[in-house]
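If you read the protein sequences in the order shown, they are chains A and B.
The first sequence begins at 264 in this note's numbering and counts up one residue at a time.
The second sequence begins at 264 in this note's numbering and counts up one residue at a time.
There are 2 protein chains.
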Amino acid sequence: MRLALAAAAAAFLSIPVQTGPVQAAELPEEARVHARALAEAGLESDLAYRLTESLTTEIGPRLAGTPQEARARDWAVEMFNELGFENVRVEDFPMDLWTRGYSIFEEVAITHPFPQELYATSLGGAAATPEGGIEAEIVFFDSFDDLLEFDGANDALEGKLVFVNDRMTAARTGEGYGWANRKRTLGWIEAENRGAAGLLIRSVGTSSHRFAHTGMMSFPAERLPGIPALAVSAPDADQIERIHAMGETMRVALRTHAGWRGEVTSGNVIAEIVGAEAPEEIVIIGAHLDSWDNGTGALDDGAGVGIVTAAARLIMDAGVRPRRTIRVVLFGAEEVGLVGARAYARARMEDGTVDQHVIGSESDFGARNVWRLSSGVGEHAVGFFDAMHEELEFLGIERGGNSSGGGPDMIPLAAMGVPMARLDQDGTDYFEFHHTPNDTFDKIVPEEMAQNVAAWAMFTWFLADSDVDFRARPEAGDAEEGEPAQ
Amino acid sequence: MRLALAAAAAAFLSIPVQTGPVQAAELPEEARVHARALAEAGLESDLAYRLTESLTTEIGPRLAGTPQEARARDWAVEMFNELGFENVRVEDFPMDLWTRGYSIFEEVAITHPFPQELYATSLGGAAATPEGGIEAEIVFFDSFDDLLEFDGANDALEGKLVFVNDRMTAARTGEGYGWANRKRTLGWIEAENRGAAGLLIRSVGTSSHRFAHTGMMSFPAERLPGIPALAVSAPDADQIERIHAMGETMRVALRTHAGWRGEVTSGNVIAEIVGAEAPEEIVIIGAHLDSWDNGTGALDDGAGVGIVTAAARLIMDAGVRPRRTIRVVLFGAEEVGLVGARAYARARMEDGTVDQHVIGSESDFGARNVWRLSSGVGEHAVGFFDAMHEELEFLGIERGGNSSGGGPDMIPLAAMGVPMARLDQDGTDYFEFHHTPNDTFDKIVPEEMAQNVAAWAMFTWFLADSDVDFRARPEAGDAEEGEPAQ
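This is the structure in structure tokens:
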């Protein structure tokens, strides 16, 4: 039942190893039959759905570093043990805790010219207002670029509230997010450097519903914000935009309690299916346990937790150990800056096992169908993915390119040279819910989750039962010289 | 350009007046041409849209009896005067003010077994929790009927929080609302009578988004609640339902500040187009100015304010006065129990002009297309509406029955015998937004509003330029005896 890739390797050796695509590797009939059976079982499984239901109900919101996130780790350990995983453990790491304060609700209101409350949320890392709050004039910027280029008088923003109005557009790949997110991650610096009393932004995300979109800010050079920074919901941003268009001077009052609370402990939860022949070779599949505090983190990333766990459990249930070890990692503290992922990578540096990670992938983009298989592997291994794609195609999955990462929590490992692959999910409406109170379990469609599990079970099986080295080879000529190092 | 209804009257007199439908009255060519021109202008007009934008932006939320609602009256007076209406005036009335307290945000959380904050809103009229809040066990009722029938031990609900889980289903007519609303209006009595410490309900409305749906409770026999009563959003109700299904005892903490604040002044804003031939005959068209406090009341009922005002203004702009007076009334304090509508009716009783109201209608069901013309008039006048329907049909409007009311604020007048008619709007998604923070201006489609204005302009013109008496006649035989009384 192993993926005897001798045939594939032979095929590889028979073609010139220089540039251009390599011939598709063939996957043995036996492996394909086993993978197909896993997929069929996946399509019938509600395990991922039930795991996500359990996590989002029994824990609910689980902000990094809080007691809720610690409860999520306990939940995960118990769950992995109950499902029969091996080597279940928690790897603790320290982190700096930031919280919103007393409640998920924050007090923001237009005071002039048209008094009304706004729906808003502090951005991760923001400072509180002074006790009692602040009230200041809005200076309106139609885009983050306009703020970057702002060359008004030195004191033009002094004591004011900077408002940035960029809009995000929806896409299956979610590709508008990075651009739209600049105001969220870096807006505070531009505002603070110009003397502003605070930052307000139109929520990142594509929703027209009245939810504010939170998310972490960036802290270049370890500098932390001294000002409050909040996102208002799209309808509230529309209000601000309309009032601005009327030529009115606008004042807004805020009172927030956000801040850094000191060092706390978080952790990554790890579970394995130990490989039969090469247990030291690790296929790492992951998701993250933490979520933002305003929703229950069903799409981000309860769904991922359910999907990768259920896929691994299917492989276990089929009764055939893969050649390599499958390691499921549920990362802590993803939302606040990949803190768990960095801790994991650092620990692997320390224990010298980075190179044992043959490939990695994360599920962290909601619960819609997988529509594409992308890879980020050595050119010689592209054919393996092309062959895998032929098997996944019956699930409606296209073949993507070979420049893919593996997901947010895979970034530190990828930076250390671990090959990556990804099952890309349809993200067209992901940013309708992401990082808002509306990221809740009812948004998940069970059949779509099952399609994910089917795809992940096949994908993980093919990767774990293979002996292909996915790492890029320094020189094309090396490829012919025998086994690459692990 | 009058609707010379001699022909229609003649047609009417030529048929037996006993039972069953009468022959469709014909509308004169001249009137039909004028009405069609009004509709064409309506389809091109963005006045309703702009008025709703202005009201919802420049006033925003306008809870009955608050300074915001008073600002809305000032806005309406100024608007009517600018648009050239006649007899613009405010009729004040006293009312009891209820408010939520400090903020639209309320503190509700599950404390056991799975601590997490919930999105909730006090129901109108609810009491506050004691200072510092309460924490109590949830007793779960799958439906309001289950609560009604609850015959547990006398103290089974003593000190507990009653939760009622009824779901509402969507319909074009919104017909599921009344049934689903029973738990909101009457649940507090059933809970309080059984010694409960408070009431929680699954939000009325059809939305799966994480918004709680507010709305007034009922107070039979002038009794006021002594307990807090709140709705939680659908996803939060799902959580409670799931935890209940697990067999877990559940505890919830609340801290609310809602309460009655004493007598204040509200008002109805009135404006007219005075009739050319029978100015004492009044066609009353209305909408309500107040809204709930959690949204900006764009669909409920900023849209109605825009629609009826724009329709009347189109008639004015066409330069031909109708035979009768068109009276536009923007009612105050609708949401809290038709307080403005009752005050209006009482004032007409006092000034003896109830019978001068020949027919009434209100726009208060959002901003989607009108799909049906319904009437509630004397049998002899059904033919008039059938003929009107033929003219409205090009807007995609069907003919409804003859047992219709005129809308919420028309109820007191209808009870005094004023005939009613209604342009029914598509309400399929009205309860996605209604009474939630998500009732905001961006939800309105300009083209749909314009269709409303076109329909209302035709409808109002036909009614106001007619001399048909729409009142039911005590005996069929009376119909042949000449002019009915006004």
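Where is the CB? At the ideal position from N, CA and C, for every residue including glycine.
A quick note: this is a predicted structure, and the numbers were derived from the prediction, not measured.
Item                                                                                                                                                                        : Value
Where does A:Ile-506 fall in DSSP's three states?                                                                                                                           : helix
Got a sec, what are the start and stop residues for the beta strand (DSSP E) A:Trp-724 sits in?                                                                             : Counting along the chain, A:Trp-724 falls outside any beta strand (DSSP E), though it belongs to the alpha helix (DSSP H) covering 709-727.
Going along the chain, which residues of its own chain have a beta-carbon closer than 6 Å to the beta-carbon of A:Leu-306, five neighbours each way excluded?               : Ala-713 and Ala-717
Taking three-plus beta-carbon pairs below 8 Å as touching, is the region 527-541 of chain B in contact with the region 407-415 of chain B?                                  : no
Out of curiosity, what's the CA-to-CA distance linking B:Trp-442 and B:Arg-505?                                                                                             : 24 Å
Name, please, each residue of chain A whose Cβ falls closer than 8 Å to the Cβ of B:Asp-501.                                                                                : Thr-703, Phe-704 and Asp-705
Of all the CB atoms in chain B, is at least one closer than 9 Å to the CB of A:Pro-491?                                                                                     : no
Would you say B:Tyr-312 faces chain A, with C-beta separation under 9 Å as the test?                                                                                        : no
What three-state label does DSSP hand B:Val-527 in the structure shown?                                                                                                     : strand
Evaluate A:Arg-486 with the Cβ neighbour count: other Cβ atoms within 10 Å of its Cβ, from every protein chain shown; 16 or more gives buried, anything less gives exposed. : exposed
Quick one: residues in its chain with C-beta nearer than 6 Å to the C-beta of A:Ala-389, no 5 flanking neighbours on either side, listed in chain order?                    : Pro-488, Pro-491, Ala-492 and Ala-521
Taking Cβ-Cβ distances shorter than 7 Å, what residues in chain B pair up with A:Gln-379?                                                                                   : Gly-323 and Pro-324
Give the straight-line distance between the Cα atoms of A:Pro-542 and B:Met-509, rounded to the nearest whole angstrom.                                                     : 39 Å
Step through the CB atoms of chain A and report whether any lies within less than 9 Å of the CB of B:Ala-267.                                                               : Low local confidence applies: a pLDDT of 33 at B:Ala-267 is under 50, so the model's placement there is unreliable, with the coordinate-based value given in what follows. No, its Cβ sits nowhere closer than 9 Å to a Cβ of chain A.
How big is the Cα-Cα spacing for B:Gly-680 and B:Arg-734?                                                                                                                   : 7 Å
Exposed or buried, what is B:Glu-656 when buried is set at 16 or more other beta-carbons lying within 10 Å of its beta-carbon?                                              : exposed
Any contact of the region 301-317 of chain B with the region 566-583 of chain B, i.e. 3+ C-beta pairs under 8 Å?                                                            : yes
Report the residue from A:Ala-302, A:Gly-565 and A:Val-546 whose alpha carbon sits nearest the alpha carbon of A:Asp-553.                                                   : A:Gly-565
Is it a yes or a no for the region 626-643 of chain B touching the region 660-676 of chain B, going by three-plus beta-carbon pairs under 8 Å?                              : yes
Quick one: is A:Ala-748 buried, meaning 16 or more other Cβ sit within 10 Å of its Cβ, or exposed?                                                                          : Below a pLDDT of 50, predicted positions are generally treated as unreliable, and A:Ala-748, at 36, falls in that range; the measurement from the model is reported next regardless. The residue is exposed, with fewer than 16 neighbouring Cβ atoms inside 10 Å.
At 3 residues or longer, what runs of the beta strand (DSSP E) sit wholly inside the region 676-712 of chain B?                                                             : 683-688
Under DSSP, the beta strand (DSSP E) around B:Val-427 begins and ends at which residues?                                                                                    : 424-427
Does A:Glu-654 pass the burial test, meaning 16 or more other C-beta atoms within 10 Å, or should it be called exposed?                                                     : buried
Taking the beta strand (DSSP E) that A:Ala-606 falls in, what are its first and last residues?                                                                              : Where A:Ala-606 is concerned, there is no enclosing beta strand (DSSP E), although the alpha helix (DSSP H) it sits in stretches over 602-614.
Using a Cβ-Cβ cut-off of 6 Å (strictly less than) and excluding sequence neighbours within five positions of B:Val-425, which residues of its own chain qualify?            : Val-402, Ala-454, Ala-459 and Leu-462
Do we get a CB-CB distance below 9 Å when we pair A:His-520 with the residues of chain B?                                                                                   : no
Does A:Asn-632 pass the burial test, meaning 16 or more other C-beta atoms within 10 Å, or should it be called exposed?                                                     : buried
Excluding five sequence neighbours on each side, which residues of the same chain lie with their C-beta closer than 7 Å to the C-beta of B:Val-568?                         : Leu-314, Thr-315, Leu-318, Ala-550, Leu-552 and Leu-593
Cβ atoms of B:Ile-536 and B:Phe-348: under 9 Å apart, would you say?                                                                                                        : yes
Does DSSP classify B:Leu-346 as helix, strand or coil?                                                                                                                      : helix
Who pairs with B:Met-673 in a beta bridge, going by DSSP?                                                                                                                   : None, per the DSSP bridge assignment.
Within its chain, find whatever has a CB closer than 8 Å to the CB of B:Arg-473; leave out the 5 residues flanking it on each side and keep chain order.                    : Tyr-382, Ser-496, Ala-497, Pro-498 and Asp-499
Run through chain A and tell me which residues come within less than 7 Å of B:Phe-694, C-beta to C-beta.                                                                    : Residues of chain A passing the Cβ test: none, with the nearest at roughly 15 Å.
In whole angstroms, give me the CA-to-CA distance for B:Ser-729 and B:Val-621.                                                                                              : 10 Å
Mapping the DSSP letters down to three states, classify A:Met-480 as helix, strand or coil.                                                                                 : coil
Within 9 Å of any Cβ in chain A, is that where the Cβ of B:Arg-514 sits?                                                                                                    : no
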